[in-house]
Each structure stands twice: as structure tokens, then as C-alpha cells.
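In case it helps, my numbering puts the sequence shown at residues 29 to 241. Working notes, structure below.
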Amino acid sequence: MMATDTKREPRPEKVETVSDIKERLESSRAVFVTEYRGLSVADQQRLRRALRDASAEYKIYKMTLARRAASEAGFEDLLDMLSGPTGIAFVADDPVMAAKAMKDIAGAVEAFVLKGGILAGGIVDAAQIKELADVDPRDVQLAKMAGLLIASLQNMAGVMNSMLGGFASMMDQLADKKQSGEAPAPAVEEPAAEEPAAEEPAVEEEPAAEEEP
Numbered sequence: 029m030m031a032t033d034t035k036r037e038p039r040p041e042k043v044e045t046v047s048d049i050k051e052r053l054e055s056s057r058a059v060f061v062t063e064y065r066g067l068s069v070a071d072q073q074r075l076r077r078a079l080r081d082a083s084a085e086y087k088i089y090k091m092t093l094a095r096r097a098a099s100e101a102g103f104e105d106l107l108d109m110l111s112g113p114t115g116i117a118f119v120a121d122d123p124v125m126a127a128k129a130m131k132d133i134a135g136a137v138e139a140f141v142l143k144g145g146i147l148a149g150g151i152v153d154a155a156q157i158k159e160l161a162d163v164d165p166r167d168v169q170l171a172k173m174a175g176l177l178i179a180s181l182q183n184m185a186g187v188m189n190s191m192l193g194g195f196a197s198m199m200d201q202l203a204d205k206k207q208s209g210e211a212p213a214p215a216v217e218e219p220a221a222e223e224p225a226a227e228e229p230a231v232e233e234e235p236a237a238e239e240e241p
């Protein structure tokens, strides 16, 4: 009797879930992994709302599927974090805002624990996520840069106005002098240098005629 292959094909819904997680891992600007053990329903709603306001989505999966997706996406270093009651926040926009939201929740809800995640294609730990939360959000950084640029342009404009004002004042003074009839002092001509007198050629004396005897 021939042996039959008893290995089952994965169910389509599981394949779809793994594909979805993998795509999110690869396309998100940041991924934060947390432990939600002991969170109440109210705490979970608060967390999801805060992350939604930060352009992030909090998802809970079966860890076997999440681990498979992380492995397929090339994030093997993330596997140690994907165990137990774990939730994953996928950040679509500024990671700083999502990090701030998660740090605030972690400070208010003792049961909520940051594990780490992915940022700029690399693995980060919980301490690095908390450090990221202390950075100014992107819009604040852009506002500061814009303020510095405007101040620089204003300083440059002040210098240019000062230079133009000085030039205009000089032109006004020249125009006033011209209207008052003042003429510029004539240039003093220097006397031409005298040429040395030409030397007369020396006259040769003729020899005296000899007397006849």
C-alpha cells in the first residue's frame, strides 16, 4: 500500500494573513511591538484611538503567523519579540508621534509593555522607542527650520536695504551738487619736461698753409 502525503496545505485565510502582515512590515515607516497582557478593554480602546491619531494601526495576530511573516520579510531579529500576548503597531506616517502615544500609554497603564520594533529598516529596543518619543515631531522641526530661514532672509533684506539706502543717499548728494552749479575742480596740468638743448657739432680747424721758401 502506497504511503500518502499527510502534510496539509495551509488554509487560504492563514496564507492571506501572513501575506498581509508581511506587506505591512515592509511598507510601514515604523513597527512597534508591545505586550498587552492585562490590558482592559477600555485601555485597548484608548491605545487604538491614540495610535489612530498618530497615523498608526494596532493589530493583534496569532504569533505563529506573525513570526512566519517576519521571517519571510527578512526580519529574523524581530522573532524574539513575537511571543506571548503581543500586539503590533504599524506606523504609516511620522514615527515620533506614534512613539509618543505609546510612551504615554506605557506610563499610564502598567500592564502595557513596549518590547521594541523596526525603525528605518533596523531593529530597535524599548529604550530607543522612548528616546524617539522625546524628539520633536516632524511638523515642529519644520516650523523651527522655517523660522530660522525667515530670520535669515529678514537679516539679508535688512543688509540690502541699508546698502541701497546708502547708495541712494550718495546719488542724491551728487544731484544736489550738480543743481547748485558746483563744478568739479579742473585738473592741474603739469608743465612739460624741457628737452635738452641740441649740441652744436665741433668745427674742425684747417691746418695753416706752409710758407714757400
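Note that CB positions come from ideal geometry on N, CA and C, so glycine has one too.
| Item | Value |
| --- | --- |
| Kindly identify the DSSP beta-bridge partner or partners of I116. | V61 and K87 |
| Check the C-beta distance from V137 over to A161 and give it rounded, since I have them as a contact under 8 Å. | Actually they do not touch by this definition, with Cβ atoms about 15 Å apart. |
| Assuming D153 is part of the beta strand (DSSP E), what are its boundary residues? | G150 to D153 |
| With three or more C-beta pairs closer than 8 Å as the rule, is the stretch 103-115 touching the stretch 51-64? | yes |
| Leaving out five residues on either side along the sequence, give the residues of the same chain with a beta carbon under 6 Å from the beta carbon of E85. | F118 |
| Give every residue of the same chain whose Cβ lies closer than 6 Å to the Cβ of K87, excluding the five residues on either side of it in the sequence, and list them in chain order. | I116 |
| Between E37, K42, L67 and D48, which has its C-alpha nearest A139's C-alpha? | L67 |
| Should I133 and A78 be called a contact, given that it needs their Cβ atoms to be closer than 8 Å? | yes |
| On the criterion of 16 or more Cβ atoms from any shown chain inside 10 Å, does V43 qualify as buried, or is it exposed? | exposed |
| Label K206 either buried or exposed according to how many other C-beta atoms from any shown protein chain fall within 10 Å of its C-beta, with 16 as the threshold for buried. | exposed |
| Quick one: residues in its chain with C-beta nearer than 7 Å to the C-beta of R52, no 5 flanking neighbours on either side, listed in chain order? | F118 |
| Residue range of the beta strand (DSSP E) that G145 falls in? | V141 to L147 |
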